[in-house]
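Novice: For the sequence shown, the residue numbers in mature numbering (1 follows the signal peptide of the UniProt record, and there is no 0) are -21 to -1, 1 to 124.
The C-beta atom is built at its ideal place from N, Cα and C for all residues, glycine as well.
The model shown is predicted, which means the values in this text are computed figures rather than measured ones.
Have a look at this one.
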Amino acid sequence: MKTVAARSGLLAAALVLAGCAAPTDPNCPPAGARLPPGALFGAWEARIGEGNAPRLRVDLQPHPDYAGVRGQVLRGAAAPAQLAGDINDEGVLLLDESADGRSISAVWEGELLARSCGRVFRGHWRRAGEDQGQPFELTRIGTTP
């Protein structure tokens, strides 16, 4: 009886490990550096902060001057802030935010969430000139372009 229980336990453990080692979708990049530039274009939902942080709307499109993005972040009734950035060679999403369109008011630095197929970035958002910041999550709205 103990042998059957032991075998069942080993079988269950093997199945769990096999599931963890199973290959992921080959079209799903494991790191941000492997995302094509167009993968950032479109509508995103952002949450900055812990707990019940408000939902923000982020819209990104191709940057006219380089292989990156530009767009805006909408915070309710407030004027939209402008965004510009890209994914660097290390696979990190870097966005500069400007409340006035002239100077950087905040920066976003995040990484692609594993197995999210380019749909979720998590990282750190901080106001310009401050050392402390808050966590953020950026999630694609709808389907990939």
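If you follow the beta strand (DSSP E) that His42 is in, where does it begin and where does it stop?
Specialist: No beta strand (DSSP E) contains His42, which DSSP labels as neither H nor E.
Novice: DSSP three-state call for Gly17: helix, strand or coil?
Specialist: Gly17 falls in the helix class under three-state DSSP.
Novice: Taking Gly55 as the reference, give the member of Tyr45, Leu73 and Leu35 with the closest Cα.
Specialist: Checking every option, the nearest Cα to that of Gly55 belongs to Leu35.
Novice: When the distance is taken between beta carbons, is Arg94 closer than 8 Å to Pro114?
Specialist: Going by C-beta atoms, Pro114 is not nearer than 8 Å to Arg94.
Novice: How would you write the range of the beta strand (DSSP E) that Glu116 sits in, first residue to last?
Specialist: Its beta strand (DSSP E) spans residues Gln113 to Arg119.
Novice: Could you have a look at Glu90 and say whether DSSP puts it in helix, strand or coil?
Specialist: Three-state DSSP puts Glu90 in a strand.
Novice: Please classify Glu76 as buried or exposed, where buried requires at least 16 other C-beta atoms within 10 Å of its C-beta.
Specialist: By the 10 Å Cβ count, Glu76 comes out buried.
Novice: Report the rounded CA-to-CA distance for residue 135 versus Ala32, giving the unit in angstroms.
Specialist: This structure gives no information on residue 135, because the portion of the chain shown stretches from -21 to 124.
Novice: The beta strand (DSSP E) that contains Arg54, what's its start and end?
Specialist: Taken as a continuous stretch (DSSP letters only), Arg54 belongs to no beta strand (DSSP E), as it is neither H nor E.
Novice: In angstroms, rounded to a whole number, what distance separates the CA positions of Ala25 and Gly64?
Specialist: Rounded to the nearest angstrom, the two C-alpha atoms are 16 Å apart.
Novice: Comparing C-alpha positions only, which one of His103, Arg81 and Gly47 sits nearest to Gly28?
Specialist: Answer by Cα proximity: His103.
Novice: Quick one: is Ile66 buried, meaning 16 or more other Cβ sit within 10 Å of its Cβ, or exposed?
Specialist: By the neighbour-count rule (16 or more Cβ atoms within 10 Å), Ile66 is buried.
Novice: Shortest alpha-carbon distance to Gln51 belongs to which of Leu74, Pro43, Gly70 and Val99?
Specialist: The residue with the shortest Cα to Cα distance from Gln51 is Leu74.
Novice: Return helix, strand or coil for Arg98, following the three-state DSSP convention.
Specialist: Coil, per DSSP.
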